[in-house]
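Engineer: Below is the structure I would like to discuss, written out as structure tokens.
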RNA sequence: GGCGCGGUAGCCAAGUGGUAAGGCCGAGCUCUGCAAAAGCUCUAUACGUCGGUUCGAUUCCGACCCGCGCCUCCA
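In the working numbering, the protein residues as written are 3 to 484.
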């Protein structure tokens, strides 16, 4: 092992070293997207943080096996499919493909497995059956199956809600009465393992020992993580909002069914704020990747902005932060290029360095590595990159060669998933014809040294949102975003 | 009410019991018809308030103020 990687664990509320229980692979599961709409940047913050973890695990030699599910059946997917007149499979396939394109653009590594809920009905039904057998779940009058929280004393240990509080959780944050007991479950705290078929589900139901229906949300993660990673595995990840009830319920389902510890390490990331406010549809600040690339930002700039804060702190995402990321990335590329030139290396050479075997000595980038290895402190790691580059500027390569140092830099950037000199990032933007002709007119005036006219036209173009950027032999029109 | 998080320079954001990384912005210069881009250089006595512990606190403890998250299907 290259060096120790430590990470905060929600269950113990402390920083713990990561290690593979089976000594071979570090097995971890991430709660993935629901396939009903384009993922927004808040979703991506979680997946990117997990991606950085995956990459860092690789570097440290823990041989990760990364499983991330795709939720392709729930209220939203069913509703969405119906309103578009599509069958559920076709509807979710579209959004899954959309998600995978975004993920690739953001330079996320593909998980080793991406199981879908609807492909694992058997495993889910089996799990629910076991819970019924063990007396931890019951079948309600309508054919739904509920987990009996009161039969499971350990319930609440992850979020540290005491049972009494859960049972009396009758009001919501808004002070409204929580009358979620519309089904005939025995207690409001009980949650659905299986939901019996309702008329509005249409064709979307599966057969089960309890009649037609569909699985509850929590069941899929329990069943699939168990199927691919075993009864107990190393780490489970998700946004902090999933801590309760989703992960709490997963624990109850798995440990209830198997009697074995479910997960050794819980990894939760804080939420994303947008322009200082909670991201929400009603505030209209729910960005998707396409929204941002449409404003002229590259996916790599988005990635940089989304990972730049510590994962346990709420991150305030703003358009200004994207601009800041752009400048920082440019600076990074430039500084790296200088040292590549000095070492007689090409950009392609540099890309080739970002691959195993990864360094164990980090030279000028020691601090950057320490940041990563110490609870995935990306802010510290990025700071360390810049100070490392500054040290190289001063000719301080540490004990190794320049090539060693560049290999270390490539390794750190690999961990962060920052790919420099990415090609084809710029999305071509079309300039309206009338503005193009204005620009041509201005160029003509400039050739004739009619400065007054040229400047006037420049201003008009600017007023229309386009900046003229002259070159020696022509000009470019740059969209002035935001 | 329960559980939890945060308040560091104009903005973002690390971190430490002995006076604080980094990025952005900004400024100057070079270049340039102008502008931009690009390059070079530079910059800041910033740690919410009030107490306590300590030789010494931004860092530990307490109180308070302010902001934020979760509390049944939202990463």
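Glycine residues also receive a C-beta, built at the ideal position from the N, C-alpha and C atoms.
(1) Quick one: which unbroken alpha helix (DSSP H) runs of 4-plus residues sit fully inside the region 246 to 306? Chain order, please.
(2) Is it buried or exposed for residue 117, if we count other Cβ within 10 angstroms and need 16 for buried?
(3) Look at the Cβ atom of residue 269, then the Cβ atom of residue 163, and state whether they are nearer than 8 Å.
(4) Let me know the secondary structure DSSP gives residue 215 once reduced to three states.
(5) So for residue 207, helix, strand or coil by DSSP?
(6) What does DSSP give as the partner residues of residue 67 in its beta bridges?
(7) With residue 328 as the anchor, note down where its beta strand (DSSP E) starts and where it stops.
(8) Between the Cα of residue 467 and those of 473, 450, 445, 432, spot the shortest distance and give me the residue it belongs to.
(9) Excluding the 5 residues preceding and the 5 following residue 181 in the sequence, name in chain order all residues of the same chain whose CB lies nearer than 8 Å to its CB.
(10) Here's a check: name, in chain order, each residue in its chain whose Cβ is nearer than 7 Å to the Cβ of residue 84, leaving out the five neighbours to either side.
(11) Alpha carbon to alpha carbon, how far is residue 319 from residue 333?
(12) Any idea if residue 361 is buried or exposed, counting beta-carbon neighbours within 10 angstroms, 16 or more meaning buried?
(13) Quick one: what does DSSP say residue 201 is sitting in, helix, strand or coil?
(14) Let me know the secondary structure DSSP gives residue 194 once reduced to three states.
(15) What's the gap between the Cα of residue 71 and the Cα of residue 287?
(16) Does DSSP put residue 100 in a helix, a strand or coil?
(17) Report buried or exposed for residue 173, applying the criterion of at least 16 other Cβ atoms within 10 angstroms of its Cβ.
(18) What separation, rounded to the nearest whole angstrom, lies between the Cα atoms of residue 223 and residue 438?
(19) Could you check which residue in 398, 406, 387, 346 has the C-alpha nearest to that of residue 359?
(20) Name the two residues that bound the continuous beta strand (DSSP E) containing residue 11.
(21) For residue 220, I'd like the list of residues in its chain whose CB is within less than 7 Å of its CB, leaving aside the five on either flank, ordered along the chain.
(22) Considering only the beta carbon of each residue, do residue 97 and residue 48 sit closer than 8 Å?
(23) Note the first and the last residue of the continuous alpha helix (DSSP H) segment covering residue 2.
(24) Based on Cα-Cα distance, which residue from 449, 275, 414, 141 lies nearest to residue 59?
(25) Can you find at least 3 beta carbon pairs, one from the region 233 to 245 and one from the region 128 to 135, that sit closer than 8 Å?
(26) Span of the beta strand (DSSP E) holding residue 154?
(27) Who are the near neighbours of residue 239 in its chain, counting only those whose CB is closer than 6 Å to its CB and skipping five residues on each side?
(28) Quick check on residue 435: buried or exposed, where buried means 16 or more other Cβ atoms within 10 Å of its Cβ?
(29) Output needed for residue 153: all residues of its chain with C-beta closer than 7 Å, excluding positions within five of it in sequence on either side, in chain order.
(30) Please report the distance separating the alpha-carbon of residue 487 from that of residue 410.
(31) For residue 89, collect the residues of the same chain with a Cβ closer than 8 Å to its Cβ; drop the 5 residues on either side in sequence, then sort them by chain order.
(32) Return helix, strand or coil for residue 111, following the three-state DSSP convention.
(33) Could you give the distance in angstroms between the alpha-carbon of residue 122 and the alpha-carbon of residue 266?
(34) Using DSSP with H/G/I as helix, E/B as strand and the rest coil, what is residue 51?
(35) Given this structure, state the Cα-to-Cα distance separating residue 317 from residue 142, to the nearest angstrom.
(36) When the Cα atoms are used, what is the spatial distance from residue 170 to residue 187?
Structural biologist: So, to answer that:
(1) 250 to 260, 291 to 296
(2) buried
(3) No, the pair does not count as a contact, with Cβ atoms beyond the cut-off.
(4) strand
(5) coil
(6) 29
(7) Premise fails: residue 328 lies in the alpha helix (DSSP H), 321 to 344, not in any beta strand (DSSP E).
(8) Of the candidates 473, 450, 445, 432, the one whose C-alpha sits nearest the C-alpha of residue 467 is 432.
(9) Note on residue 181: pLDDT 41, under 50, position unreliable in the model; no value is reported.
(10) 204
(11) Each residue's CA atom was taken as its position, placing residue 319 and residue 333 some 21 Å apart.
(12) buried
(13) Here residue 201 sits in helix by DSSP.
(14) Three-state DSSP puts residue 194 in a strand.
(15) If I take the Cα positions, the gap works out to 26 Å.
(16) Here residue 100 sits in helix by DSSP.
(17) Interpretation of residue 173 is limited by its pLDDT of 38, a score under 50 that renders its predicted location unreliable; no figure is taken from the coordinates.
(18) 53 Å
(19) 406
(20) 8 to 11
(21) Result list for residue 220: 193, 248, 251, 252, 255, in chain order.
(22) no
(23) Only positions 3 to 484 of the chain appear in this structure, which leaves residue 2 out of reach.
(24) When each option's Cα is compared against that of residue 59, the closest is 414.
(25) Touching, no, given that fewer than three Cβ pairs across the two stretches are closer than 8 Å.
(26) Annotation for residue 154: no beta strand (DSSP E) segment contains it, and DSSP assigns it neither H nor E.
(27) 32, 52, 269
(28) exposed
(29) 137, 138
(30) Nothing about residue 487 can be reported from this structure: the residues present for the chain run from 3 to 484 only.
(31) 83, 205
(32) coil
(33) 24 Å
(34) The answer is helix: DSSP assigns residue 51 an H, G or I state.
(35) 43 Å
(36) Note that residue 170 scores 44 on pLDDT, short of 50, meaning its location in the model is unreliable; the coordinates nonetheless yield the value given after this. Using only the alpha carbons, I get a separation of about 15 Å.
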